[in-house]
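Step one of this worksheet: look at the structure below.
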Amino acid sequence: MDQLFGSADVDDAAGDVAWLQAMLDAEAALAGAEAAAGLVPAEAAAEITSACRAERFDIADIGRRAVAAGNPAAPLVSDLVAAVSPATQRYVHLGATSQDIIDTALSLIAQRALDLILADLRDAATACAALAATHREALMTARTLLQPAVPTTFGLKAAGWLVAIDEARELLTHVRSERLAVQLGGAAGTLAPLRESGARVVHGFAERLGLAEPVMPWHTDRTRSAELAAALGTAIGVLGKIARDVTLLAQAEVAEAREGGDAEHGTSSTLPQKHNPVRAVLVIAAAERAPGLVATVFHAMVQEHERATGAWHAEWETVRALLRLAGGAGRHAARLLSTLSIDPARMAENLGSDGGLVMAESLAGVLAVRSGRGAARDIVRRCSDEAAQRHVAFATVVATDPAVCGHLTAAEIAAALDPGAYLGSAQEFIRRAERAHAAIEVSG
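So in my numbering, spot 442 of the sequence shown is number 452, and the numbers just go up one at a time.
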């Protein structure tokens, strides 16, 4: 199941071994920062750093012993103490508490996983930009409440996807660069064991790990965790919306788009004729799960005093699950969009299948100039109802309707029913999306 809903790279970056190494990275950076502040001998910091390698520790045993402590940092610290010389042991984990190491490790895990997720989102955005450019003038039916509305172009739809992905990328990039921070506050946020050197150690700790330096310890201020969860949930939701569009466009009755892939892609175990949009389905599955996980992180913001009784613990697996889902959704979406097959001829066919009903708004607007808005709406509504009841083309009804013909010439009616002439600012919006995307690529 992991291969269905995750990305192998992100799964590894957020896996148990990665967690262990991230906690060890935090311990090594802490020792180095304390050495720079004169609290730990340089040779002791070097020995601690040398010992902080995941392969030297029994991860399964640490996991079993974590139950007694309520977290994995406590048994890890015990093992790290045992791994260094007696003279160095008293400098291991100096001034820190378990939450400092776990929160900092989670920031590191998120940072590393986000680099991978953002790379896939960039590929997805690149694919959307190509679709927008290639199909900028491909006419199709815009649908509201799943019903035909007015003409649009597939290029505009793809441009909308592009902007949404780029905005999700910007949000994740902000969280990655500005909001993933070290945590160092000691038992209750005072760093009392470090005396007056606490703030200096925090600065060095953050600098060594490449994480943000917080204004103060954030043990029970879970704003940063909530922002990370929200940004991940937003990215997954954006990809889910695109995937939903693809599943609707890929319906056999619509057949305007089709997932690409090898001969086995999208096959059914029972029905040989089917070509299922499986990548889109997997992205939607991630989008269905993400809101509950985001809600869990938000619910966990309500914590007691200087250390939570369970709410903090609820974040660990929840955030990891969000990272994994975002990794899988990003990987599937990038592949989906880069191989998506578009059928402009089918789009044009579907657009004209109702004989011009999608041009009702256009006709009403032209009529309103001559008859007034209310009367124009009534006339067009009557014509559209007649076309539906008689199962004839809307254009056929309009061409012979006395009220319409009393106000408009045949040439004016034809112009009002031309889909290509009723696209408003579609091309300008596509250009704006392309310029915004280009700016992100230059800055990023």
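We put the CB at the ideal spot given by N, CA and C, even for glycine.
The structure presented is a predicted model; accordingly, all values stated were derived computationally and were not measured.
- Bounds of the beta strand (DSSP E) holding M150 are 149-154.
- Going by beta carbons, W326 and L149 fall outside the 9 Å limit.
- The residue among D110, T349, G338, V212 with its C-alpha nearest the C-alpha of A297 is G338.
- Within the segment 376-423, no run of beta strand (DSSP E) reaches 3 residues while sitting entirely inside it.
- Here the segment 130-148 makes contact with the segment 342-351; the two share three or more CB pairs at distances below 8 Å.
- Beta-carbon to beta-carbon, V212 and V192 are separated by about 7 Å, close enough to satisfy the 8 Å threshold.
- Annotation: the continuous alpha helix (DSSP H) that includes A38 extends over 26-46.
- For W29, same chain residues with a beta-carbon under 7 Å away, outside a window of 5 residues either side, are A115, I119 in chain order.
- The DSSP assignment places no complete run of the beta strand (DSSP E) inside the segment 284-316 (cut-off: 3 residues).
- Per DSSP, the unbroken beta strand (DSSP E) holding Q157 starts and ends at 157-163.
- As the crow flies, the alpha-carbon of L49 is around 43 Å from that of A245.
- Here the alpha carbon of E65 sits roughly 33 Å from the alpha carbon of A202.
- Between the C-alpha atoms of A370 and A426 there is a straight-line separation of about 9 Å.
- The residue among G243, S207, T144 with its C-alpha nearest the C-alpha of E177 is G243.
- According to DSSP, residue pairing for I352 in a beta bridge involves A267.
- Around the beta-carbon of A405, 16 or more other beta-carbon atoms lie within 10 Å, marking it buried.
- Looking at the backbone, the Cα of L377 and that of A159 are separated by about 18 Å.
- At a Cβ-Cβ threshold of 9 Å, A262 and F308 do not count as neighbours.
- With a cut-off of 8 Å on Cβ pairs, the segment 427-441 is in contact with the segment 152-170, counting three or more such pairs.
- Assignment of A198 by DSSP, reduced to helix, strand and coil, places it in the coil class.
- Using a Cβ distance threshold of 9 Å, I252 and V293 count as a contacting pair.
- With distances taken between CA atoms, A140 lies nearest to S348 out of I127, S348, D35.
- Between V20 and the set L156, C415, A336, V94, the nearest pair of CA atoms involves A336.
- Between the segment 49-63 and the segment 214-224 there are fewer than three C-beta pairs closer than 8 Å, too few to call the two in contact.
- One thing to note: V27 has its Cβ no nearer than 9 Å to the Cβ of I72.
- The beta-carbon separation of L126 and S17, rounded to 7 Å, stays under the 8 Å limit for a contact.
- Non-local C-beta neighbours of Q121 in its own chain, meaning closer than 8 Å and more than five positions away in sequence, comprise R186, L190, G220, L221, ordered along the chain.
- Cβ-Cβ distances below 7 Å link A240 to V304 in the same chain, with the five nearest sequence neighbours on each side left out; the list follows chain order.
- Burial is judged here by how many other beta carbons sit within 10 angstroms of a residue's own beta carbon; Q31 has at least 16 and is buried.
- In this structure, the CA atom of G366 is about 14 Å from the CA atom of T162.
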